[in-house]
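**Student:**
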Amino acid sequence: MAHIGILYGDEQKKGGIRAYSHMLGDVLKSQGHQITYLSFASLHSPFYKSPTSSWRELLLTYQLGTMADYISPQYDLIIGNGYYGAFCKHSPLTIYHFVYPSYVKHLGENPFKGIIGGYLEKKAGKDKLRLSVSQFLASEVKKYYGYNTIVISNGVDTGIFHKLSTNDKKFLYAKWNVQADKPTIVFVGRWNKRKGADVVEYIAEHLPHVQVIAVLGYGEVKENMASNITVFSQLNHTEINEIYNLADIVLYPSRYEPFGYVTAEGWSAGTPVITTPMGLGYEIKNHPILGKFVISDMEYIKDETLNIVKWYLNLDEDERHDIATEGMTYIRKHYSIDTWANNMNEVINYLLSTR
3 MAHIGILYGD EQKKGGIRAY SHMLGDVLKS QGHQITYLSF ASLHSPFYKS
53 PTSSWRELLL TYQLGTMADY ISPQYDLIIG NGYYGAFCKH SPLTIYHFVY
103 PSYVKHLGEN PFKGIIGGYL EKKAGKDKLR LSVSQFLASE VKKYYGYNTI
153 VISNGVDTGI FHKLSTNDKK FLYAKWNVQA DKPTIVFVGR WNKRKGADVV
203 EYIAEHLPHV QVIAVLGYGE VKENMASNIT VFSQLNHTEI NEIYNLADIV
253 LYPSRYEPFG YVTAEGWSAG TPVITTPMGL GYEIKNHPIL GKFVISDMEY
303 IKDETLNIVK WYLNLDEDER HDIATEGMTY IRKHYSIDTW ANNMNEVINY
353 LLSTR
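Rendered as structure tokens:
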């Protein structure tokens, strides 16, 4: 079978592209391929431990690409993720996870980051086969870079994220110290403006009778939160699924989201997810049921989120059950990891056959 290299950035940042790369690697390993992850850590560069900056990212991306080109004879295929393949001439595939100029525009960040990121992303896709992880991202790539891309939407592991039994939940309320008789809202993600942490705080402050659980990562410890917010850090997927199952509703009000695993995970676990019209939210916004949980106007993201939460919590149990079941069935049918894996295997097999 083939020896395949997968390019991505910081090994120490356990973010979306790293997780995607390892998930793809696991899929390809299951087909008998040998996988090597080529990240900034592979360079042994003195710049690797430098403070994060656009210049550092540019320099390390250049070094990664030239290193990958140098060792390319050892590989049957090299896969580029995002702009990390920008300087690798021997990578025939770029998988888009982000569009930096759009990200900067939505978050109001330093325009220079958008210029550098945009330059690298456009360069990474030139004269290559290009994939996007969602329809939303494909439209962004087309808008900013003029490239057409094949859309292979990310998938959720429905074996991990699934609805638990009533008996299981009785035990879990005690395990996680959650009150079964109080409405429960869950947020999963980094505690920052992009992921909508301020929206979660707004909801907690306006609904003091509701218990809010924030599942954070990367050792995040936040102070001065509302008294009805409980924080858990660095939970594994099984534990996160338990938390989803204890929630009445999940909040994922991200201001920029290429796909949004949390949206897929929550619905797959049988819990409605309020999200924004980006990533997966872009694809479900016109669905007659799931679309009711997609923010329509980002300018009023806080108030819209609050109104949706109030509306849903005021529904009777049967109505909520029907909504949750419809959403769970739809997501598990259209966004399973098995569907994603099959589609990715087809692309990889095609590329290997043309080498």
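With the working numbering, you'll find the sequence shown wraps up at 357, consecutive numbering, no jumps.
We treat Cβ as the ideally placed atom computed from N, Cα and C, and that holds for glycine.
Going by the DSSP bridge assignment, what does Tyr254 pair with across the sheet?
**Tutor:** Paired residue(s): Thr277.
**Student:** Going by alpha carbons, who is nearest to Ser44 out of Val29, Tyr10 and Thr54?
**Tutor:** Among Val29, Tyr10 and Thr54, the Cα nearest to that of Ser44 belongs to Tyr10.
**Student:** When you compare only the Cα positions, how much space is there between Asp12 and Lys51?
**Tutor:** Spanning the two alpha carbons is a distance of roughly 10 Å.
**Student:** At what residues does the beta strand (DSSP E) containing Val143 begin and finish?
**Tutor:** Per DSSP, Val143 belongs to no beta strand (DSSP E); it is in the alpha helix (DSSP H), Gln137 to Tyr147.
**Student:** Do Asn345 and Ile154 have their C-beta atoms closer together than 7 Å?
**Tutor:** Yes. Within cutoff.
**Student:** Nearest to Phe49 by CA position, among Ala249, Tyr64 and Leu40, is which residue?
**Tutor:** The candidate whose alpha carbon is nearest that of Phe49 is Tyr64.
**Student:** For a test of the three-state rule: what should DSSP assign to His108, helix, strand or coil?
**Tutor:** His108: helix per DSSP, three-state reduction.
**Student:** If contact is defined by three or more beta carbon pairs under 8 Å, each pair taking one atom from either stretch, is the segment 186 to 199 in contact with the segment 249 to 256?
**Tutor:** Yes, the segment 249 to 256 touches the segment 186 to 199.
**Student:** Gly219 and Arg192 look like a contact to me (Cβ under 8 Å); what is the Cβ gap, rounded to whole Å?
**Tutor:** Gly219 to Arg192, Cβ: 7 Å. Contact.
**Student:** Of the residues Leu131, Ser167, Gly120 and Thr160, which one's Cα is nearest the Cα of Asn150?
**Tutor:** Of the candidates Leu131, Ser167, Gly120 and Thr160, the one whose C-alpha sits nearest the C-alpha of Asn150 is Leu131.
**Student:** At which residues does the beta strand (DSSP E) containing Tyr10 begin and terminate?
**Tutor:** No beta strand (DSSP E) contains Tyr10, which DSSP labels as neither H nor E.
**Student:** Would Met3 be called buried (16 or more neighbouring beta carbons within 10 Å of its own) or exposed?
**Tutor:** Classification of Met3: exposed, given that the 10 Å Cβ count is below 16.
**Student:** Hey, quick one: how far does the alpha helix (DSSP H) through Thr358 stretch, first residue to last?
**Tutor:** In the structure as shown, the chain starts at 3 and stops at 357, and residue 358 therefore has no counterpart that could be examined.
**Student:** So is Trp313 buried or exposed if we call it buried at 16+ other beta carbons inside 10 Å?
**Tutor:** Per the 10 Å Cβ criterion, exposed.
**Student:** Grab the span of the alpha helix (DSSP H) containing Leu174 for me, first residue to last.
**Tutor:** Unbroken alpha helix (DSSP H) run through Leu174: Thr168 to Lys177.
**Student:** What three-state label does DSSP hand Gln76 in the structure shown?
**Tutor:** Gln76 falls in the helix class under three-state DSSP.
**Student:** Hey, could you find the ends of the beta strand (DSSP E) Ala216 is sitting in?
**Tutor:** Its beta strand (DSSP E) spans residues Gln213 to Leu218.
**Student:** Among Leu166, His99, Leu354 and Glu321, which has the Cα closest to the Cα of Glu259?
**Tutor:** Glu259 has its Cα closest to that of His99, out of Leu166, His99, Leu354 and Glu321.
**Student:** Do Pro274 and Gly329 come within 7 Å of each other at the CB atom, strictly closer than that value?
**Tutor:** Their beta carbons are under 7 Å apart, which means Gly329 touches Pro274 by this criterion.
**Student:** When the distance is taken between beta carbons, is Ile291 closer than 7 Å to Ile325?
**Tutor:** Contact flag set, yes.
**Student:** Report the rounded CA-to-CA distance for Gln236 versus Gly17, giving the unit in angstroms.
**Tutor:** Cα to Cα, Gln236 sits roughly 13 Å from Gly17.
**Student:** Going by DSSP in three states, Ile117 sits in which element: helix, strand or coil?
**Tutor:** If DSSP states are grouped into helix, strand and coil, Ile117 belongs with the helices.
**Student:** Inspect the beta-carbon positions of Ile80 and Ala70 and report whether they are closer than 7 Å.
**Tutor:** Yes, the Cβ-Cβ distance between Ile80 and Ala70 is below 7 Å.
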